[in-house]
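Numbering (my numbering), first residue to last: 125 to 366. Just so it is clear, CB atoms sit at the ideal spot from N, CA and C, and this is done for glycine as well. The structure appears right after this line, and notes come after that.
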């Protein structure tokens with residue numbers, strides 16, 4: 125069973141800009157390898173198990189779909205490929221008892237925000253690196269000063285206040301078509317407008333997408349490309365269904 129975003133997959137195959145950004149990501153190991161596909165499929169299958177109570181299924185589905193949607197979905201694709209703390213999707217990072225990773229003890233930015241359902245999240249961003257793909261297409265420029273610009277942005281402002289989260293939600297709804305594909309080929313849609321909609325998941329993803337948008341505007345507004353710049357993120361959310 126595969127967890128898929130159709131627009132993201134089309135982008136990977138046909139959108140040269142998205143392909144360029146993902147190909148230049150500093151940590152290509154976070155891509156959709158067979159192992160990641162397998163683990164995501166297992167989580168999604170557990171989330172959609174018919175014998176689970178509806179509210180438990182929704183909560184589990186939210187945790188399961190967050191990783192693939194962030195990786196291949198809409199405007200957040202390049203952001204997720206470089207910064208997502210994948211361990212959170214294996215059931216570790218959403219607990220308040222989880223330790224912060226070493227880099228997150230002294231992050232470049234800490235973002236706190238409330239979720240529609242009453243929960244709250246703390247997102248830490250940092251460990252900025254510069255590692256462009258040496259085999260990137262001709263004409264795709266990279267500049268080490270871009271990493272410095274990303275650090276400057278993370279350290280200087282109020283990231284959540286500057287991020288246009290509502291716009292990220294509204295603009296993402298009509299273009300992101302998400303579904304879980306079962307072994308028999310049938311598909312179960314999730315996201316806004318379906319019975320498998322979780323406003324907390326949507327909002328959480330939109331926060332990251334909106335931060336990425338503003339960061340890109342900041343860096344590219346200084347005449348620098350985002351190619352080859354990577355960073356990490358780790359978050360802890362409380363007050364959500366488990």
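Straight-line Cα distance separating residue j from residue i
i	j	result
residue 281	residue 308	49 Å
residue 285	residue 255	29 Å
residue 240	residue 279	27 Å
residue 257	residue 345	23 Å
residue 276	residue 225	22 Å
residue 367	residue 233	Since the first and last residues shown for the chain are 125 and 366, residue 367 lies out of range.
residue 329	residue 260	28 Å
residue 227	residue 253	12 Å
residue 314	residue 229	35 Å
residue 297	residue 290	11 Å
residue 264	residue 347	14 Å
Classification of residue i by the beta-carbon crowding that lies within 10 angstroms, buried from 16 upward
i	result
residue 340	buried
residue 294	exposed
residue 238	exposed
residue 266	buried
residue 324	buried
residue 349	buried
Spatial neighbours of residue i in its chain, beta-carbon cut-off 7 Å, leaving aside the 5 residues before and after
i	result
residue 287	331, 334, 335 and 338
residue 231	248, 249 and 250
residue 283	233, 235 and 335
residue 262	none
DSSP beta-bridge partners of residue i
i	result
residue 354	253
residue 360	246
residue 311	305
residue 238	244
residue 233	249
Any non-hydrogen atom of the ligand SAH within 8 Å of residue i CB
i	result
residue 293	The model on display carries no ligand, and the ligand SAH is accordingly not part of it.
Own chain partners of residue i with C-beta closer than 6 Å, once the 5 adjacent residues on each side are dropped
i	result
residue 342	277
residue 327	239 and 240
residue 292	330, 333 and 334
9 Å Cβ cutoff, residue i in contact with chain C
i	result
residue 335	Among the chains of the structure shown, chain C does not appear; only one protein chain is present.
Q: Determine, using beta-carbon pairs with one atom in the region 349–358 and one in the region 236–252, whether at least three such pairs fall under 8 Å.
A: yes
**Q.** Touch test, the region 255–272 against the region 317–324, Cβ-Cβ under 8 Å, three pairs minimum
**A.** no
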